[in-house]
Amino acid sequence: MFVKNKSTNIIYIYFLVNCAIKNILKSCTKEFLTMKFSAKVFLSLLLLLFARISLFAQGSTPPNRVSCPEAAQYYSKDSINIVTFGASTVEGVKGLGFQTMLQNNFINCYTNKIVDITNHGIGGQTTFQGLLRIDNAIANRTGFIVIDMGINDAIAMTMGKGSVAETVANMRSLITVSLKQKLVPILCTLQFVDDRTIKGNIAVNINIRNINAAYRKLAAEYKIYLADVNAAMRRDFSLYQDPFHPNARGYRLISYVIFDAINKAIFDKFLKFTVTQNYPNPASMQTFIDLVLPEADKINVQIYDLMGRLVKTVVNEYLNVGKHTLDINTSTFVPGIYFFKISSDSGQYNTTKKFIVAR
């Protein structure tokens with residue numbers, strides 16, 4: 001019920017919104033009709049209306065954001081390039097897929113990096129059919145290749161076509177071709193199919209279990225990275241949109257598993273040499289520096305004063321790939337300006353940092 005008075009109409013709208021929230025429209029309308037309004041009441045109710053709208057906005061479900069790995073801070077390349085290769089799970093089903101989610105994961109964590117993901121999934125194909133097109137899929141590509149293929153092989157085996165040995169041989173060839181192209185392979189295990197009502201899928205899952213065991217051995221043999229999709233999805237069929245394919249939640253989980261596997265590869269292979277400024281700076285009794293190594297090397301960290309005199313050798317030892325936090329006791333240092341000098345036996349890594357000791 002609207003009237004000519006604008007203030008009254010606005011107040012009435014407030015009550016309708018408030019009632020919709022409380023699901024008591026009828027009682028609130030009766031309450032409204034019996035109320036008398038002053039200017040102060042009008043302003044108070046108007047402010048309350050805006051507060052309600054704000055609460056609605058804040059209460060909406062936030063987008064899922066992935067937890068970022070430390071490796072993202074030290075990635076040495078300008079871009080992240082990923083070929084995704086396989087059958088229908090890779091291609092996507094009914095508008096769903098993992099590539100956009102995977103891309104968003106990288107964009108959220110790897111700031112100012114170009115993220116390029118290509119989709120080379122064709123539904124219904126076996127690993128043998130994949131072999132026939134792998135060369136075109138990876139031509140002129142760099143970076144990573146995610147291979148998720150084999151469920152159709154497992155289905156074909158139940159009809160007397162193919163074998164686990166043949167699937168493994170095909171996957172071995174896919175891995176070899178990828179390595180020759182100098183790509184970093186990420187091999188996915190296969191999710192189970194829903195066998196709760198389709199009894200024929202029980203045999204498919206037996207084949208999937210055997211294929212996955214072989215894939216894990218291949219990953220170890222070639223020292224490549226395993227995205228263990230099967231271990232993540234288990235037999236949680238609430239993650240499926242049909243007996244074979246993930247739904248949106250399932251695809252999001254797959255994107256996380258692949259994201260984690262690629263991050264491990266980045267940590268192992270694509271870190272840049274980094275030495276952080278010591279913290280705290282100025283130092284008093286103790287300070288720290290973070291040292292990130294892209295490969296194992298013998299590292300020498302020494303501290304000099306302004307006169308160029310050696311004050312302390314922090315480390316002179318082999319360190320492995322990754323981030324190392326060095327703890328430096330400065331309690332005996334005279335207040336003043338000092339320098340860290342970091343060098344490696346290989347000669348590839350050298351840098352100097354200035355810091356202050358104050359008390």
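At position 111 of the sequence shown (counting the first as 1) the number is 111 in UniProt numbering, and the numbers step up by one without a gap.
The beta-carbon is built from N, C-alpha and C at its ideal position, and this holds for glycine as well.
Handout entry: Minimum C-alpha distance to V204 - residue among I303, Q348 and S163
Key = Locating residue 204 in the sequence shown gives position 204, counting from the first residue. Among I303, Q348 and S163, the Cα nearest to that of V204 is on S163.
Handout entry: Nearest-angstrom Cα separation, counted from V334 out to N263
Key = Residue numbering aside, residue 263 sits at position 263 when the sequence shown is read from its first letter. Residue numbering aside, residue 334 sits at position 334 when the sequence shown is read from its first letter. Cα-Cα distance, rounded: 43 Å.
Practice task
Return the first residue and the last residue of the alpha helix (DSSP H) that A154 is part of.
Solution key: Sequence index remark: in the sequence shown, residue 154 carries index 154 (1-based). First-last of the alpha helix (DSSP H) with A154: I151 to M157.
Exercise for the section: Write down every uninterrupted run of the beta strand (DSSP E) in the region 113-193 whose length is 3 residues or greater and which is fully enclosed by it, in chain order. Expected result: 114-121, 144-148 and 184-188
Exercise for the section: Determine, using beta-carbon pairs with one atom in the region 99-114 and one in the region 180-199, whether at least three such pairs fall under 8 Å. Expected result: no
Practice task
Report yes if the CB atom of L326 is closer than 8 Å to the CB atom of V314, and no otherwise.
Solution key: Against the sequence shown, residue 326 aligns to sequence position 326. Against the sequence shown, residue 314 aligns to sequence position 314. It is a contact, given that the beta carbons lie within the stated cut-off.
Handout entry: Beta-bridge pairing of G86 - partner residues as DSSP gives them
Key = Mapped onto the sequence shown, residue 86 falls at position 86. Answer is G121 and D148, bridged to G86.
Exercise for the section: Buried or exposed for D153, please, with buried defined as at least 16 other CB atoms from any protein chain shown within 10 angstroms of its CB. Expected result: For the purposes of this step, residue 153 is taken as the residue at position 153 of the sequence shown. Under this definition D153 is a buried residue.
Exercise for the section: With distances taken Cα to Cα, identify the nearest neighbour of I303 among A296, T287 and Y318. Expected result: The residue given as residue 303 occupies position 303 in the sequence shown. Of the candidates A296, T287 and Y318, the one whose C-alpha sits nearest the C-alpha of I303 is T287.
Exercise for the section: Tell me whether the beta-carbon of L102 lies closer than 8 Å to the beta-carbon of I258. Expected result: To locate residue 102, count along the sequence shown from 1; it is residue 102. To locate residue 258, count along the sequence shown from 1; it is residue 258. Yes; because the gap between Cβ atoms is below 8 Å, this pair is in contact.
Problem - Cβ pair L87, M149 closer than 8 Å - result: Locating residue 87 in the sequence shown gives position 87, where the first residue counts as 1. Locating residue 149 in the sequence shown gives position 149, where the first residue counts as 1. Leu is not the amino acid found at residue 87; the sequence shown has Ala there. It is a contact, given that the beta carbons lie within the stated cut-off.
Handout entry: Run of the alpha helix (DSSP H) containing G347, from where it starts to where it stops
Key = Within the sequence shown, numbered from 1, the residue matching residue 347 stands at position 347. Run containing G347: none; DSSP gives neither H nor E here.
Practice task
Measure the CB-CB distance between K213 and A261 and report whether it falls below 8 Å.
Solution key: On the sequence shown, position 213 is the one that residue 213 refers to. On the sequence shown, position 261 is the one that residue 261 refers to. Per the sequence shown, the amino acid found at residue 213 is Ala instead of Lys. No, Cβ-Cβ distance for A213 and A261 is not below 8 Å.
Handout entry: Local Cβ density within 10 Å of G347, reported as buried at 16 or more and exposed below that
Key = Translated into positions along the sequence shown, residue 347 becomes position 347. It counts as exposed.
Handout entry: Backbone CA spacing between G322 and H245 [nearest angstrom]
Key = Position 322 of the sequence shown, counting from 1, holds the residue named residue 322. Position 245 of the sequence shown, counting from 1, holds the residue named residue 245. Using only the alpha carbons, I get a separation of about 37 Å.
Exercise for the section: Would you identify the three-state DSSP class for F273, choosing helix, strand or coil? Expected result: As a working note, residue 273 is residue 273 in the sequence shown. The answer is coil: DSSP assigns F273 none of H, G, I, E or B.
Problem - Those residues which DSSP pairs with N104 across a bridge - result: Residue numbering aside, residue 104 sits at position 104 when the sequence shown is read from its first letter. None; N104 has no bridge partner.
Problem - Residue nearest to L187 in terms of C-alpha spacing, selected from N278, N170 and N329 - result: Translated into positions along the sequence shown, residue 187 becomes position 187. Minimum Cα distance to L187 is reached at N170.
Problem - Coarse secondary structure for K223, derived from DSSP in three states - result: Indexing the sequence shown from 1 puts residue 223 at position 223. The answer is coil: DSSP assigns K223 none of H, G, I, E or B.
Exercise for the section: Label T351 either buried or exposed according to how many other C-beta atoms from any shown protein chain fall within 10 Å of its C-beta, with 16 as the threshold for buried. Expected result: Mapped onto the sequence shown, residue 351 falls at position 351. Exposed, because fewer than 16 other Cβ atoms sit within 10 Å of the Cβ of T351.
Exercise for the section: Mind checking which residues open and close the beta strand (DSSP E) that includes V292? Expected result: Here residue 292 refers to the residue found at position 292 of the sequence shown. Residues Q286 to L293.
Practice task
Could you check which residue in S76, A219 and N210 has the C-alpha nearest to that of A165?
Solution key: Looking up residue 165 in the sequence shown gives position 165. Checked all of S76, A219 and N210; the closest Cα to A165 is N210.
Exercise for the section: Give me the Cα-Cα distance between F144 and S79, rounded to the nearest whole angstrom. Expected result: The residue labelled residue 144 in the question sits at position 144 within the sequence shown. The residue labelled residue 79 in the question sits at position 79 within the sequence shown. Looking at the two C-alpha atoms, the distance is approximately 11 Å.
Practice task
Grab the span of the alpha helix (DSSP H) containing V66 for me, first residue to last.
Solution key: For the purposes of this step, residue 66 is taken as the residue at position 66 of the sequence shown. No alpha helix (DSSP H) contains V66, which DSSP labels as neither H nor E.
Exercise for the section: May I ask which residues mark the beginning and end of the beta strand (DSSP E) holding V314? Expected result: Position 314 of the sequence shown, counted from the first residue, corresponds to residue 314. V314 -> beta strand (DSSP E) spans L310 to L319.
Exercise for the section: Measure the C-alpha to C-alpha separation of A358 and T332 and round it to an integer number of angstroms. Expected result: Numbered from its first residue, the sequence shown carries residue 358 at position 358. Numbered from its first residue, the sequence shown carries residue 332 at position 332. Those two C-alpha atoms are separated by around 12 Å.
Practice task
Verify whether the separation of the beta carbon atoms of G121 and G92 is less than 8 Å.
Solution key: For the purposes of this step, residue 121 is identified with residue 121 of the sequence shown, where counting begins at 1. For the purposes of this step, residue 92 is identified with residue 92 of the sequence shown, where counting begins at 1. Yes, they are a contact pair.
Exercise for the section: For Y75, I'd like the list of residues in its chain whose CB is within less than 8 Å of its CB, leaving aside the five on either flank, ordered along the chain. Expected result: Numbered from its first residue, the sequence shown carries residue 75 at position 75. Hits under 8 Å: Y110, K113, I266, F270, L271 and K272.
Practice task
Rounded to whole angstroms, what's the CA-CA distance from L291 to L253? Just pull it up for me.
Solution key: Looking up residue 291 in the sequence shown gives position 291. Looking up residue 253 in the sequence shown gives position 253. Straight-line spacing of the CA atoms in L291 and L253 works out to 33 Å.
Exercise for the section: Kindly identify the DSSP beta-bridge partner or partners of K354. Expected result: To locate residue 354, count along the sequence shown from 1; it is residue 354. Answer is F339, bridged to K354.
Practice task
For P69, collect the residues of the same chain with a Cβ closer than 6 Å to its Cβ; drop the 5 residues on either side in sequence, then sort them by chain order.
Solution key: Position 69 of the sequence shown, counted from the start, is the residue given in the question as residue 69. Answer for P69: N263, listed in chain order.
Handout entry: Close beta carbons around K26, own chain, < 7 Å, minus the five adjacent residues each side
Key = The residue labelled residue 26 in the question sits at position 26 within the sequence shown. Because K26 sits at a pLDDT of 46, beneath the cut-off of 50, its placement in the model cannot be relied upon, and the following sentence gives the value as read from the coordinates. So the list is empty, once near-sequence residues are dropped.
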